[in-house]
Amino acid sequence: MRYSHNFPKTLKQAPKAAESVNHKLLVQAGFIDQLMSGSWTLLPLGFRVVTKINDIIREELDKTGAQEMLMPLLHPKEIWKETGRWDKARDIMYQLKKDDKEYGLSFTHEEIVMYLITKLYVSPKEFPIKIYHFSTKFRYEPRAKSGILRAREFLMKDLYSAHLTKDDMYKYYWEVAESYFKIFKRIGFDVKIVEAGGGVFTENITHEFQVLSDQGEDTIFYCDNCDFAQNKEIFKGKKGEICPKCRKGKMVEAKAIEVGNIFPLGTMYAEKMGGYYNDQSGQRKPVWLASYGIGPTRVLGTLVELFHDQKGIIWPKAVAPYLVHLISLGTDEQAEKVYRELQESGMEVLYDDRDVSAGEKFADADLIGIPYRLVVSQRSGGKIEFKERTASNSELLTLQELLKKIK
RNA sequence: CGGAGCGUAGUUCAGAUGGCUAGAAUACACGCUUUGGGAGCGUGAGGUCGUGGGUUCAAGUCCCACCGCUCCGACCA
901 MRYSHNFPKT LKQAPKAAES VNHKLLVQAG FIDQLMSGSW TLLPLGFRVV
951 TKINDIIREE LDKTGAQEML MPLLHPKEIW KETGRWDKAR DIMYQLKKDD
1001 KEYGLSFTHE EIVMYLITKL YVSPKEFPIK IYHFSTKFRY EPRAKSGILR
1051 AREFLMKDLY SAHLTKDDMY KYYWEVAESY FKIFKRIGFD VKIVEAGGGV
1101 FTENITHEFQ VLSDQGEDTI FYCDNCDFAQ NKEIFKGKKG EICPKCRKGK
1151 MVEAKAIEVG NIFPLGTMYA EKMGGYYNDQ SGQRKPVWLA SYGIGPTRVL
1201 GTLVELFHDQ KGIIWPKAVA PYLVHLISLG TDEQAEKVYR ELQESGMEVL
1251 YDDRDVSAGE KFADADLIGI PYRLVVSQRS GGKIEFKERT ASNSELLTLQ
1301 ELLKKIK
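Numbering-wise, our numbering puts 1075 at position 175 of the first sequence, and it's gapless, one number per residue.
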């Protein structure tokens, strides 16, 4: 991509109102734009990062046998009445009326999934059913905040699984937990799996995937010796106490950002919506439902909170919008050739071909945060100057050496 | 919803005790020059001063109401 045609360009200054790091840097570098409080556009650079995040999620979930689909966001009131959540979730659901018919904007999809399963499944042999989609969620937040971390409209990947038995539900539940762990590791996070309550979703203990960060609005307690961790809402002890699980480590208190969560919902949805099957003995039994979410746009913000310096963003390679940032300093013919060759080798290149000063190109490269910076100039002779975003020194390489190094 | 701050050009801001055709920087367009850390000169375009009402000979400036954004709190799968 030629940066001269990238929409939009970086800003000289971050917006005045921005205080959180993800808000400042993502806006200044041209990844996102705010429409109103809690509502954001993913600009081309931001959308590329989210696409990378989604691709990783998709790849790992497909390995568990899950199938991708897409469900609607405009829901009839009646389906939410069936589970009682039209009234119970009134505070977070956008509800609207048009010509005397009432609708809700989706804040989750359990009701729709249960409706689909009840309506479309043919035989118990089809279970377990594992379906997911990436789509927008609308949630009325009393106070949207922290840049893109707490929005009223945001992107979510939600997976739903339906099972004949509780054991089978939990078997897959832990398989997804493992899958989530891999996803976050690939993205670049060191996540903690934290026990939590289920809120408006379930009475059961659920699990959150938390990334430690001072910018987080959740408070968690975790053991410094074993994997025990609980969020503030359900943890009964205090920090510094002996871990109730391993009896060896001490409990640590920390701020964290919740990037994913999983819910073993049980049979409530099936019972309220008629999701039954006949088992071998001819008995009528409800199916077991679980749901699992990851917020790709919140992941985007969390990445910036974690990976940045004074000059800008530092994208992990797995999710960077481009892998290399090519800069030409007054040697356009050579840079054009390098650009062409890099593209032919399948490299994702952002090529700054603008007629602006060297300093501006360097500053923008640091701000945008692509992992590798390449400079072609008089000074580099026939070679290409290679520098990692986090390094202070560069080295001169031929194209072949460069390709070998990066791949 | 309670508290605080803010709202003037695309962006960041200046416009004191009310006073003339509302300014700067930056970004943008054109020309020339320039290319290793946000270059220089010139020309040009760009504004319902958040909205509505009020006070006044006169309001960006004072008063009232409302709207919006950010932060703290309440809330939060």
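Yeah, the Cβ is synthetic: ideal placement off N, Cα and C, and Gly gets one too. Note that this is a predicted model, so its numbers are computed, not measured.
Counting only runs that start and end inside the segment 1000 to 1037, the beta strand (DSSP E) elements of at least 3 residues fall at 1001 to 1005. Residue pairing for residue 902: DSSP places it in a beta bridge opposite 1251.
Within the segment 1120 to 1174, the runs of beta strand (DSSP E) that reach at least 3 residues and sit entirely inside it are, in chain order, 1129 to 1131 and 1151 to 1166.
Excluding five sequence positions before and after residue 1104, the CB atoms of its chain that fall closer than 8 Å to its own CB belong to 1098, 1163, 1164, 1165 and 1166, given in chain order. Across the set 1108, 1112, 937 and 1127, the C-alpha of 937 shows the shortest separation from the C-alpha of residue 917. At the C-beta level, residue 1088 and residue 1218 come within 8 Å of one another.
A direct Cα-Cα distance of roughly 7 Å separates residue 1045 from residue 1051. Taking C-beta atoms as the reference points, residue 1048 and residue 1206 fail to come closer than 8 Å. In the displayed model, residue 951 falls within a helix according to three-state DSSP. Sixteen is the threshold: when 16 or more other Cβ atoms of the shown chains lie within 10 Å of the Cβ of residue 1226, as they do, the residue is buried. Around the beta carbon of residue 1107, 16 or more other beta carbons lie within 10 angstroms, which makes this residue buried. For residue 976, the enclosing beta strand (DSSP E) starts and ends at 974 to 976.
In this chain, the alpha helix (DSSP H) harbouring residue 1197 covers 1196 to 1206. Across the structure, residue 1020 and residue 1029 are spaced so that their CA atoms are roughly 11 Å apart.
In summary, residue 1302 is buried, with 16 or more beta-carbon neighbours lying within 10 Å of its beta-carbon over all protein chains present. Within the model, the alpha-carbon separation for residue 1145 versus residue 1125 is close to 10 Å. Of all C-beta pairs linking the segment 1210 to 1217 to the segment 1238 to 1255, fewer than three are shorter than 8 Å, placing the two stretches out of contact. A check of alpha carbon separations from residue 989 across 997, 998 and 977 identifies 977 as the nearest. Burial check for residue 970: the Cβ neighbour count within 10 Å stays below 16, so the residue is exposed.
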